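Position 117 of the sequence shown, counting from 1, maps to 599 under this note's numbering, and the rest follow consecutively.
Note that beta-carbon positions come from the ideal geometry of N, C-alpha and C, so glycine has one too.
Values in this document were obtained by computation on a predicted structure and should not be read as measured data.
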Amino acid sequence: MIKVGVIGAKGKMGSQVVQTVLNDPNLELICAIDKFGCGEKINNIVIQNDLEKALQETKPDIVVDFTQPSVIFENIKIYQKNNIKSVIGTTGLSNEQIQEIEKLSKETNTGIIIAPNFSIGAILMMEFAARASKYFSNAEIIEYHHNQKKDAPSGTSIKTAQMMIKNNDNFKLGNCPETETIKGSRGGEYSENNKGNIQIHSVRMPGFIASQQVIFGADGQILKIHHDTINRECYMSGVVLAINYLHKNNEFIYGLENIL
Ligand SMILES: NC(=O)c1ccc[n+]([C@@H]2O[C@H](COP(=O)([O-])OP(=O)(O)OC[C@H]3O[C@@H](n4cnc5c(N)ncnc54)[C@H](O)[C@@H]3O)[C@@H](O)[C@H]2O)c1
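If you want it as structure tokens, here you go:
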């Protein structure tokens, strides 16, 4: 049995991960950590809020982190320092932080999977968008999330843009000089080393969980690649896949598509 710790166990994603771990005969919930609900019990596991202390006491094989952008970088440093493999669903890490984590993972010889999206449909949406990027010169991304989401744009939209840029690093914007009469109307531009130019638009609204549309345009045609998350169960098979992969392997991985 793989001993799993869930960090952010009281949250929307973390509580779903807790149920998934409890229902999986190959996984054992060994610790649950959250800054809320401290002292409450989940199947005899007491929720704790001191991350490092709880990890040192319970010694999980792997932790799954769905917390929040403001703490994730420091949490990962704690996992690495204590040689605990981690599956990271929390979004909001910058490119520089991801590079630093890759270096740290090699130094500590501690595997980690960072996946901005664990749903197979979303991964395919990103891969299809990357493929289409070879053939279109204009593309924009619209991502839609619930209005409690703390980071914008979403980690999925950034990862999509990164995958698209590998196939086309010079998307065109408008075909004339543009003036924004309301700041931000054209969205935020994703570029790497001044290359890319993919506009990302973030919608935040009750009713959505997570959706994304990548729109490609060319003379006389529009291609829309769209994915909707209907409920959070869609992420769970990806999370379990990542746990099982990391149990057998000890690598740094960014993106679930790399282990499918
Ligand atoms: N990778 C994916 O497929 C995927 C899917 C959905 C959401 N997410 C991301 O996962 C993260 C969590 O999303 P959510 O909707 O579950 O949020 P949420 O606010 O419902 O849950 C976050 C939980 O983490 C806890 N928490 C925050 N800081 C903590 C800390 N320092 N120590 C312990 N617990 C702490 C909070 O108390 C809360 O219970 C977000 O970054 C979100 O963007 C990723």
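Other residues of its chain near residue i: CB distance less than 6 Å, five sequence neighbours each side excluded
i	result
Ala700	Phe618
Ile707	Met607, Phe610, Ala611, Val696
Ile570	Asp547, Ile596
Met718	Thr502
Val488	Gly496, Val499, Val500, Ala514, Val546
Ala724	Val569, Ile595
Alpha carbon of residue i to alpha carbon of residue j, nearest angstrom
i	j	result
Cys658	Arg668	14 Å
Leu655	Gly603	28 Å
Gln630	Asn508	33 Å
Ile583	Met646	23 Å
Ser636	Met483	33 Å
Pro542	Val486	5 Å
Ala692	Ile560	29 Å
Ser552	Ala634	13 Å
Gln681	Gln703	19 Å
Lys563	Val545	13 Å
Asn526	Glu510	12 Å
Ile558	Gly493	18 Å
Val499	Ile741	19 Å
Phe518	Asn505	23 Å
Val528	Thr540	11 Å
Gly593	Gln579	16 Å
Asn649	Ala614	9 Å
Val726	Glu715	Note that residue 726 is Asn in the sequence shown here, rather than Val. Their backbone Cα atoms lie some 18 Å apart in a straight line.
Gly521	Phe653	52 Å
His627	Phe698	21 Å
Lys512	Gly720	This sequence places Ile at residue 512; Lys is not what is there. C-alpha separation (whole angstroms): 20 Å.
Gly666	Asn531	38 Å
Lys616	Gly670	22 Å
Beta-carbon proximity of residue i to residue j, cut-off 8 Å
i	j	result
Thr502	Val685	no
Glu625	Gln694	yes
Leu537	Ile566	yes
Leu738	Ile605	yes
Phe600	Leu575	no
Lys632	Pro598	no
Bridge partner(s) assigned by DSSP for residue i
i	result
Glu510	Lys485
Asn620	Gly699
Glu671	Gln681
Arg686	His627
Ser693	Tyr626, Asp710
Lys567	Ile544
Val528	Lys523
Phe734	Ile594
Ile704	Gly699
Contacting residues, own chain, Cβ-Cβ under 8 Å from residue i (five flanking each side not counted)
i	result
Gly490	Gly496, Ile515, Asp516, Asp547, Phe548, Thr549, Gln550, Thr572
Sequence-distant residues of its chain with Cβ nearer than 7 Å to residue i (five each side left out)
i	result
Ala643	Ile623, Tyr672, Gly678, Ile680, Ile682
His729	Ile484, Asp543, Ile544
Thr661	none
Phe651	According to the sequence displayed, residue 651 carries Asp and not Phe. Answer for Asp651: Lys677, Gly678, listed in chain order.
Thr711	Ser601, Ile691, Ala692, Ser693
Ile664	none
Ser639	Ile623, Glu625, Ile682, Gln694
Glu674	Ile647
His709	Gly603, Ala604, Met607, Ser693, Gln694
Cβ of residue i within 8 Å of any chain C Cβ
i	result
Gly493	Judged by its chain identifiers, the structure shown contains no chain C, having just a single protein chain.
Below 8 Å, how does it come out for the region 572 to 590 and the region 724 to 738: are there three or more Cβ pairs, yes or no? yes
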